[in-house]
DNA sequence: TCCGTCAGTGAACGACTGTGCACTCAATAA
DNA sequence: TTATTGAGTGCACAGTCGTTCACTGACGGA
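Residue numbers (my numbering), protein chains in the order written: chain A, 89 to 298; chain B, 89 to 298.
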């Protein structure tokens, strides 16, 4: 592979190398713990060349958030499709879809879940925005359910954000048991229980203030 | 204040200064982001004297976890007392107790909630242990409720950990709205909704495997 | 009273950090 | 064919970092 290619392609390739190196380093460290110098070293360029691609490390962090958010939305779309094709219980389908996508994009999910609260100001804020956006998307899906037809928007968002938080907790559990199929099954079972418990409360809910 | 005092008292005072400086610096940064040197500077001693009190920064982190965990357990005890004295709905009492204790120990709660996932390996592990312990304590309380009498231990822990996660989310929401009483009331209302929704599912639950 | 303990000092180290600046030289546009 | 652009280079800078070592000097037990 990798003939010279065009100028823009070369630049894009380096940019990717920077992002990939960062994601790789983020396996054992938090975002605040990685330095511009080692990211560039991993990408095979000299430190000062970093600025041809990002204005700062925070800037790179924002790029990672956007990229990870894209993965998140793809996961939601996949879950929608899987649900539509199965006409069974949503919960197992959702958990299975999540598991598969976490395995396929571990770095993205790890980044989001870990830096959600503990990151740099800028990065944490960006993640919080993306997650709220994601929860809104989920809320739209939830609104289609009969039991949720007459819920207020506030309550619907409360539910969606609760589900997102539970899911992100599951993501971290999944990342902790990588390679242990039995443990992974246990994590999935727990995740389903959490969602089922919440789901059982839904029909009992008296929504206020539409 | 502060006559010389005894030798041990002086040492203890410096140790506290180190912990307090760390907690203060943790307001704007993650634990990984603070350095031994600035902690000692804030405490008014020279960097090398740090080692008279802690073997490493991670060691100091562990001390912070233990201290914060103590605050957490005090909060649970206070909630128990408040509940026993009120004979009303648990949820508003629990949320109010939590709010008060968060305000009284912001640094501890911020530390726990932020570093729960995003911290150093050692610190994150220690927090995870303490939170599991805390959830177990909560599970014992929950076991007294009629609806939960015949739940399996597994399911009880699942519920307790779900409640802990929800509460920690609320903690971070509370820390975000410091000083805005109206916003704080909104956060408390949302927290109550989350718990109420989960609580509504409980009587519907069919627990498996005792 | 004397003497050991030990919290705190201060200089020094080697390693690592982000960033400025002048540069090279191949891909591109004219 | 020539001129321009711009990704990547290499050196240098002023800081900060954790940790070492030999030290001081006041407290506290004998």
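Glycine is no exception: its CB is placed at the ideal position from the N, C-alpha and C atoms.
If you're wondering where the values come from, they're calculated on a predicted model, not measured in any experiment.
Legend: CB atoms of the region 244 to 263 of chain B lying less than 8 angstroms from CB atoms of chain A belong to residues 246, 247, 250, 253, 254, 257 and 260.
When C-alpha distances from residue 184 (chain B) are compared across B:238, B:259, B:203 and B:244, the shortest belongs to B:259.
Between residue 152 (chain A) and residue 198 (chain B), the alpha-carbon positions lie close to 25 angstroms from each other. Interface residue (Cβ-Cβ distance to chain B less than 7 angstroms): residue 288 (chain A) is classified as such. Within the model, the alpha-carbon separation for residue 138 (chain A) versus residue 276 (chain B) is close to 45 angstroms.
Secondary structure at residue 231 (chain B): coil, using DSSP grouped into helix, strand and coil.
Taking a 10 Å sphere around the C-beta of residue 204 (chain A), we find 16 or more other C-beta atoms and assign the residue as buried.
Under the Cβ distance rule, residue 205 (chain A) counts among the residues neighbouring chain B, one pair being separated by less than 7 angstroms. Interface flag for residue 132 (chain A) against chain B is unset, since no Cβ pair is found closer than 7 angstroms. Residue 287 (chain A) sits buried, since 16 or more C-beta atoms from the chains shown fall within 10 Å of its C-beta.
When the Cα atoms are used, residue 192 (chain A) and residue 253 (chain B) turn out to be separated by approximately 26 angstroms.
Of the residues B:177, B:102, B:127 and B:103, the one whose Cα lies closest to the Cα of residue 114 (chain B) is B:127.
Here residue 161 (chain B) is exposed, its C-beta having fewer than 16 other C-beta atoms within 10 Å. Contact fails between the region 223 to 235 of chain B and the region 224 to 234 of chain A, because fewer than three Cβ pairs, one in each stretch, are under 8 angstroms apart. Taking the Cα of residue 190 (chain B) as reference, the smallest distance to any Cα among B:173, B:220, B:221 and B:157 is reached at B:157. Identification of chain A residues near residue 278 (chain B) by a Cβ-Cβ cut-off of 8 angstroms yields 246, ordered along the chain. Per DSSP, reduced to three states, the secondary structure at residue 258 (chain B) is helical. Around residue 101 (chain B), the same chain offers no residue with a beta carbon nearer than 6 angstroms, after the five sequence neighbours per side are excluded.
Secondary structure at residue 119 (chain B): helix, using DSSP grouped into helix, strand and coil. Neighbours of residue 202 (chain B) in chain A, taken as residues whose beta carbon is under 8 angstroms from its own, are 205 and 206 in chain order.
Residue 286 (chain B) carries a helical assignment under DSSP once its states are collapsed to helix, strand and coil.
Contact with chain A is found for residue 118 (chain B), since one of that chain's Cβ atoms lies less than 7 angstroms from the residue's Cβ. Using a CB distance cut-off of 7 angstroms, residue 285 (chain A) counts as an interface residue toward chain B. As the crow flies, the alpha-carbon of residue 213 (chain B) is around 31 angstroms from that of residue 180 (chain B). Annotated as proximal: residue 145 (chain B) and residue 124 (chain B), with beta-carbon spacing under 7 angstroms.
For residue 180 (chain B), the enclosing alpha helix (DSSP H) stretches over residues 178 to 192. For residue 206 (chain A), the secondary structure class from DSSP, reduced to helix, strand or coil, is helix. Check the Cα spacing between residue 208 (chain B) and each of A:121, A:99, A:97 and A:104: the tightest is with A:121. The C-beta separation of residue 246 (chain B) from residue 278 (chain A) comes to about 6 angstroms, placing the pair in contact by the 8 angstroms criterion.
By the neighbour-count criterion, in which 16 or more other beta carbons inside 10 Å mark a residue as buried, residue 97 (chain B) falls on the exposed side. In the structure shown, the three-state DSSP call for residue 142 (chain A) is coil.
Setting aside the 5 residues that flank it on each side, residue 250 (chain A) is surrounded in the same chain by 286, each with a C-beta closer than 7 angstroms to its C-beta; the list follows chain order. Per the C-alpha coordinates, the member of B:236, B:150, B:109 and B:167 positioned closest to residue 216 (chain B) is B:150.
Excluding five sequence positions before and after residue 109 (chain A), the CB atoms of its chain that fall closer than 7 angstroms to its own CB belong to 127, 130 and 131, given in chain order. The beta-carbon of residue 121 (chain B) is placed less than 7 angstroms from the nearest beta-carbon of chain A.
Using beta-carbon distances, residue 282 (chain A) counts as an interface residue toward chain B, with a partner under 7 angstroms.
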